[in-house]
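Just so you know, the sequence shown maps onto residues 58 to 330 in my numbering.
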Amino acid sequence: MLHLRMSVLAALGLCLWMTADAGAQTGSIKAWGSNNRGQLNVPAPNTGFVAVAAGGTHSLGLRDDGSIEAWGWNGDGLGNVPAPNTGFVAVAGGGNHSLGLRDDGSIEAWGNNVEGQLNVPAPNTGFVAVAAGWQHSLGLRDDGSIEAWGDNGGGQLNVPAPNTGFVAVAAGGQHSLGLRADGSIEAWGSTAPVPAPNTGFVAVAAGGTHSLGLRDESCPADLTGDGMLDVLDFFVFVGFFSTGDMRADLDGSGALDVLDFFAFISFFAAGCP
Ligand SMILES: [Ca+2]
Ligand SMILES: [Ca+2]
């Protein structure tokens, strides 16, 4: 399976791209853009990476053994991944700081701290995701709330209420994004509003002064897969349902019952994108 992840701090023209190792959910890193600080010089061996992140003029790679490689600009101690360099599950690169999420739910922060972007709020546990902006940081807690710390010059720390129900975070130059479980995006700080319709999103990313949202354009009621909804889709649904085929489990409950009919009708009424 091709497994790609991309991290972009587009304002600075640095991009990292992962390509898959055959038969494994790990890969090598392709790096392009400015190399004025060596931020494109991926450390050997360039294999076995599971995640990447790009900072201002530095780069980070998470290896499948849970260690982090850091390269590029080494001012502010950016190359000094906190010990023990193991047990990491996610990385984020800010302007001149870095974040690493450990498998115990704690966050390590290193690099420049001029705006307090390294001061992870207590309790430093229960985090499930991290994001690093130019001089601010975000941590998503396992209760769906977002912690924000560091520079607040653009209001990028002012998480909108209710601060719950978030499933992903992204941090830009002076703005922040939170993806809610209902598929809507909250954007705050120095940012333009999220384009309408603000629904159906499954991922977010933030550059220096721009934002991206990935929208799920699947069409759950289109069971014939032709991109249209008509009576044939209903026949296929009934066929799946009557034979116990779990493709009829449209509400995702793990069981087939009348609620799946309601889900079908709801998806049918919503139409295809
Ligand atoms: Ca169809
Ligand atoms: Ca069901």
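Note that beta-carbon positions come from the ideal geometry of N, C-alpha and C, so glycine has one too.
These numbers come from a predicted model, not from an experiment.
Check for me: the alpha helix (DSSP H) holding residue i runs from which residue to which?
i	result
L316	V315 to A327
L289	V288 to S299
Which residues in the same chain have their Cβ closer than 6 Å to the Cβ of residue i, if we skip the five residues on either side of it in sequence?
i	result
T143	G123 and S124
G240	T256, G257 and F258
R94	T114, G129 and W130
A205	L195, L214 and V216
T281	L289, D290 and V293
Q192	G152, E172, Q174, G207 and D208
V251	I242 and A244
M285	none
Using DSSP's beta-bridge definition, name the partner residues of residue i.
i	result
A186	L197
E243	G235
H267	In the DSSP output, where bridge partners are listed per residue, H267 has none listed.
G157	V148 and E165
V261	G270
W206	S194
Please report the distance separating the alpha-carbon of residue i from that of residue j.
i	j	result
D317	A166	46 Å
A188	P330	30 Å
V315	R272	29 Å
F325	L119	42 Å
G190	A227	8 Å
Q96	F298	54 Å
G296	G246	50 Å
H60	A110	With a pLDDT of only 32 at H60, under the threshold of 50, the placement of this residue in the model should not be trusted, and no figure is reported.
F106	A127	12 Å
L269	A249	11 Å
G90	A101	19 Å
L117	I203	23 Å
A108	V99	13 Å
G235	A179	20 Å
Cβ of residue i within 6 Å of any heavy atom in ligand 1?
i	result
M303	no
D283	yes
D279	yes
Regarding residue i and ligand 2, is the C-beta to nearest heavy atom distance less than 6 Å?
i	result
A312	yes
D317	yes
D290	no
D273	no
D208	no
D306	yes
Report all residues from its chain with a CB closer than 8 Å to the CB of residue i; omit the five preceding and five following residues, and keep chain order.
i	result
N103	S85 and I86
D306	A312, L313 and D317
G201	T221, G222, F223, V224 and A238
V146	L119, G123, L158, R159 and D160
D199	G162, G183, F184 and V185
N181	S163 and I164
P139	G157, E165 and W167
From what residue to what residue does the beta strand (DSSP E) around residue i run?
i	result
H115	H115 to R120
L175	Note, L175: premise wrong, no beta strand (DSSP E); not H, not E.
A305	From DSSP, A305 is part of no beta strand (DSSP E); its letter is neither H nor E.
W130	Careful: W130 lies outside any beta strand (DSSP E) and carries neither H nor E.
W89	G84 to W89
V109	F106 to A111
A225	F223 to A228
Go through its chain and collect everything with a Cβ distance to residue i's Cβ below 7 Å, but skip five positions before and after it.
i	result
S310	L316
G210	Q231
F321	A278, F294 and L307
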